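Let me begin by presenting the structure, written as structure tokens, before commenting on it.
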Amino acid sequence: MPGDMNVIRNYEKDSGKNVSVLLSYQAWGDHSNGFPDDWTTPVREDGAIPMITWEPWKTAPFPQENNEPDYALKNISEGKFDAYITQWAKDARAWRYPFFLRFAPEMNGDWTPWSESINSNQAGDFVKAWKHVHDIFTAHGVTNATWVWCPNIENVSDNTPISEYYPGDAYVDWTAMDGFNWGTTSQYNAWLPFAKVFGPTYNDIMKITSKPMIISETGTVERGGNKAAWITDAYSVELPDNFPNIKGIVWFNQITQQDWRIESSSAAQQAFSQAIKAPHYASNTFKDYMGG
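Start counting the sequence shown at 1; every next residue gets the next number (UniProt numbering).
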């Protein structure tokens with residue numbers, strides 16, 4: 001859970017616009033990780049809306065283990081984490097302000113213990129776990145959490161339709177997608193424009209629900225194409241013209257397996273800064289926002 005707002009200041013300086021949604025991650029870990037108001041409060045005071053990626057697995061350096069029997073989905077739905085979830089929910093309610101809660105994202109991958117394809121999970125277990133956690137929040141009057149259901153972009157490694165992971169409109173407020181253009185960084189990848197990365201999954205989500213959508217993780221590499229042109233196409237053409245249900249986008253401005261940052265080249269940074277000047281990309285104007 002990053003707490004240094006100076007990192008955000010540097011990014012905002014490079015991008016030319018202050019952020020409106022700030023994403024971070026919290027593992028359930030050893031149950032001592034309570035609601036992170038020491039992070040959400042400065043984010044709120046800065047005018048952005050926090051998005052907490054709340055992940056039921058151990059706290060560990062990246063990459064975490066995906067085979068974690070303690071965090072099998074049935075353990076969540078059968079109540080073994082209820083005390084932790086309940087306290088977290090109560091603390092979230094006490095914080096009072098709106099935030100996005102991106103619970104157990106990328107469930108259609110095979111790299112997390114909440115994937116139904118591993119960790120002794122069975123078909124239908126994800127929806128049961130999601131509903132159980134959501135029901136605890138409802139029972140304790142938590143109304144400031146906006147529930148974000150977030151699959152990874154679809155691929156051939158998971159044959160299960162993403163509709164089978166969807167808990168239903170009564171349990172979801174926003175939908176989301178995570179997806180990246182890996183370019184030619186390996187023999188298994190090819191350069192993909194924004195529409196190729198997100199188009200198929202976007203269309204499938206739209207068949208499930210009309211809930212508003214956000215891209216909660218994205219980025220592109222330099223290798224294999226033109227990163228600056230990819231950014232311009234995504235932000236200036238595709239998002240405003242061809243993806244009307246997407247209401248927000250979070251750039252994954254980090255170096256992990258690849259360098260996803262807008263600062264990976266001066267051309268990419270300039271393209272990003274130019275594109276988000278458009279007025280439909282909001283700045284940090286949410287300090288007094290109370291939801292609704």
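Ideal placement from N, C-alpha and C gives every residue a C-beta, glycine not left out. Keep in mind the model is a prediction, meaning the values are calculated, not measured.
Just verifying my parser: in three-state terms, what is the DSSP assignment at S216? Per DSSP, reduced to three states, the secondary structure at S216 is strand.
First and last residue of the alpha helix (DSSP H) that includes N127? First, the residue type needs correcting, since residue 127 is Val and not Asn in the sequence shown. Per DSSP, V127 is one residue of the alpha helix (DSSP H) stretching across D125 to A139.
What three-state label does DSSP hand F35 in the structure shown? Secondary structure at F35: coil, using DSSP grouped into helix, strand and coil.
According to DSSP, is K277 helix, strand or coil? coil
Can you check the region 229-284 for any alpha helix (DSSP H) of at least 4 residues that lies completely inside it and give the ranges in chain order? 239-242 and 266-275
Does I214 get closer than 8 Å to chain D when you measure Cβ to Cβ? Within the model displayed, chain D is absent; a lone protein chain is all it includes.
Kindly indicate the opening and closing residues of the alpha helix (DSSP H) around Q87. Per DSSP, Q87 belongs to the alpha helix (DSSP H) from D82 to W95.
Mapping DSSP to helix, strand and coil, what is V7? helix
On a CA-only basis, which of N119, G141, L192 and V133 is nearest T220? Give me that one, please. L192
Using three-state DSSP, classify A190 as helix, strand or coil. In the structure shown, A190 falls within a coil segment according to DSSP collapsed to helix, strand and coil.
Pull up the distance between the alpha-carbon of A190 and that of Q87, whole angstroms please. 45 Å
For S163, which residues from the same chain have a beta carbon less than 6 Å from its beta carbon, with the 5 sequence-adjacent residues on both sides left out? I208
I'd like to confirm the pairing. Which residues does DSSP put opposite A176 in its beta bridges? I214
Can the beta-carbon of G225 be found less than 8 Å from the beta-carbon of G199? no
Contacting residues, own chain, Cβ-Cβ under 8 Å from I276 (five flanking each side not counted): S15, G16, K17 and Y235
For A89 and V142, which I take to be in contact (beta-carbon distance under 8 Å), what is that distance rounded to the nearest angstrom? 5 Å
Pick from G79, W149 and I85 that is closest to P212, judged by C-alpha positions: W149
How would you write the range of the beta strand (DSSP E) that I49 sits in, first residue to last? I49 to E55 is the span of the beta strand (DSSP E), which, as asked, contains I49.
On a CA-only basis, which of F99, A92 and P56 is nearest R44? Give me that one, please. F99
From the DSSP output, read off the bridge partner residues of W182. Bridge partners of W182: none, in fact.
What are the boundary residues of the alpha helix (DSSP H) that includes residue 344? There is simply no residue 344 to check, as the chain begins at 1 and stops at 292 in what is shown.
If you compare alpha carbons, which of F243, P69, W111 and I153 is closest to S120? P69
Can you list, in chain order, the residues of its chain with a C-beta nearer than 7 Å to that of A271? Leave out the 5 residues immediately preceding and following it. A228, I231 and T232
Rounded separation between S117 and D110 - CA only: 6 Å
S24 - containing beta strand (DSSP E), residue span: V21 to A27
Contacts around A123, its chain only, beta-carbon distance under 8 Å, and the 5 residues preceding and following it disregarded: E116, T160 and E164
Using the beta-carbon count (16 or more within 10 Å), is S216 buried or exposed? buried
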